[in-house]
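Chemist:
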Amino acid sequence: MHEASKRLKEQCQHQIYLEQLHYSEIEEKYKKVVEQLHEAENKLKERENDIYRLKESMLSRPEVKLQSDMHLLLLEKNELERKIEAVSKSKVHYKQQWGRALRELARLKTGEQEAAKVRLKRQHDELEHMKLRYLAAEENKVIGKERQELDLAKAEITKKLEELEMVRNQTDLNRHRINDCCDENRNLEGNYGTEKSRIAKLIDERDTLLQTGVYTTEDRVINELDKEIQHLISAYR
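Okay, so the sequence shown: first residue is 511 according to this note's numbering, each after it adds one.
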């Protein structure tokens, strides 16, 4: 048991020694790598400085400067082309939106026009209906007025006919009286004053009819009275 423990302890110590040796080697390698890294960094800085000086010297040449300017112009050109393409896409999109807006506006206008046509037609029909009713009312009014005027004219004609009939009756009566007077005058020459009075009465009757305004000298009644008066006057000459 003691021997086995001793061997195990020795093995552990040997293993620790090997690990320490391996660690020392690794640490040594790490230091070398760090040194190499520092050297590489220094060389890189030197190379970068060399490259910078080389670029500066190259840029100072006209052809290099021209090439650099061309490169910048090319970049600006590409940027402008990119902006133009974006603007063109926006323009196409705007045109599409504008076209849709115009179509929608046209559709709304068409709808409004149709609605306006319907309203105008309805108003026109209402006006025509009102016009027909007005004309019918006016026609009825005119017909009523004409009928009233016709009735008045008929009444006036009837009145004139009645007056004419009365005048005719009176004329016949006067004619009989005149004839009687003429017979009496043929038999009695001394009654001239009485017949003269009858002539004056006929003249007065004729003048009265003319003064009413209903009759004129062209009316038959007035002509008959004139004939009777002239006949009596002629009979006594």
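The C-beta atom is built at its ideal place from N, Cα and C for all residues, glycine as well.
Note that the structure is predicted; figures quoted are calculated from it, not measured.
Look up residue 731 in the DSSP assignment and say whether it is helix, strand or coil.
Modeler: Here the question's residue 731 lines up with position 221 in the sequence shown. Residue 731 falls in the helix class under three-state DSSP.
Chemist: Just to confirm my understanding: we take residue 658, look at its own chain, exclude 5 residues before and 5 after, and list those with CB closer than 7 Å. What are they?
Modeler: Here residue 658 is taken as the residue at index 148 of the sequence shown, counted from 1. For residue 658, where only same-chain residues beyond five positions count, there are no Cβ hits under 7 Å.
Chemist: Going by other Cβ atoms of all chains shown within 10 Å of its Cβ, with 16 needed for buried, is residue 709 buried or exposed?
Modeler: Taking the first residue of the sequence shown as position 1, residue 709 is located at position 199. Under this definition residue 709 is a buried residue.
Chemist: Excluding five sequence neighbours on each side, which residues of the same chain lie with their C-beta closer than 6 Å to the C-beta of residue 606?
Modeler: Working through the sequence shown from its first residue, we reach residue 606 at position 96. So no residue of the chain qualifies.
Chemist: Only counting runs of 3 or more residues, tell me where the beta strand (DSSP E) segments fall wholly within the stretch 530 to 557, in order along the chain.
Modeler: Correct list: empty.
Chemist: How about residue 732 and residue 719: are their beta carbons less than 9 Å apart?
Modeler: The residue you call residue 732 lines up with position 222 of the sequence shown. The residue you call residue 719 lines up with position 209 of the sequence shown. Yes; because the gap between Cβ atoms is below 9 Å, this pair is in contact.
Chemist: Hey, residue 742 and residue 715 are a contact pair by Cβ (cut 8 Å); roughly how many whole angstroms apart?
Modeler: Within the sequence shown, numbered from 1, the residue matching residue 742 stands at position 232. Within the sequence shown, numbered from 1, the residue matching residue 715 stands at position 205. Actually they are not in contact, since the Cβ atoms of residue 742 and residue 715 sit about 13 Å apart, beyond 8 Å.
Chemist: Using the Cα positions of residue 517 and residue 554, report the straight-line distance between them to the nearest angstrom.
Modeler: What you label residue 517 is simply residue 7 of the sequence shown in a count that begins at 1. What you label residue 554 is simply residue 44 of the sequence shown in a count that begins at 1. Rounded to the nearest angstrom, the two C-alpha atoms are 54 Å apart.
Chemist: Hey, how far is the Cα of residue 645 from the Cα of residue 729?
Modeler: Residue mapping note: residue 645 aligns to position 135 of the sequence shown, counting from 1. Residue mapping note: residue 729 aligns to position 219 of the sequence shown, counting from 1. Roughly 41 Å separates the two Cα atoms.
Chemist: Distance, Cα to Cα, residue 515 vs residue 526?
Modeler: Start at 1 with the first residue of the sequence shown, and residue 515 comes out as number 5. Start at 1 with the first residue of the sequence shown, and residue 526 comes out as number 16. C-alpha separation (whole angstroms): 16 Å.
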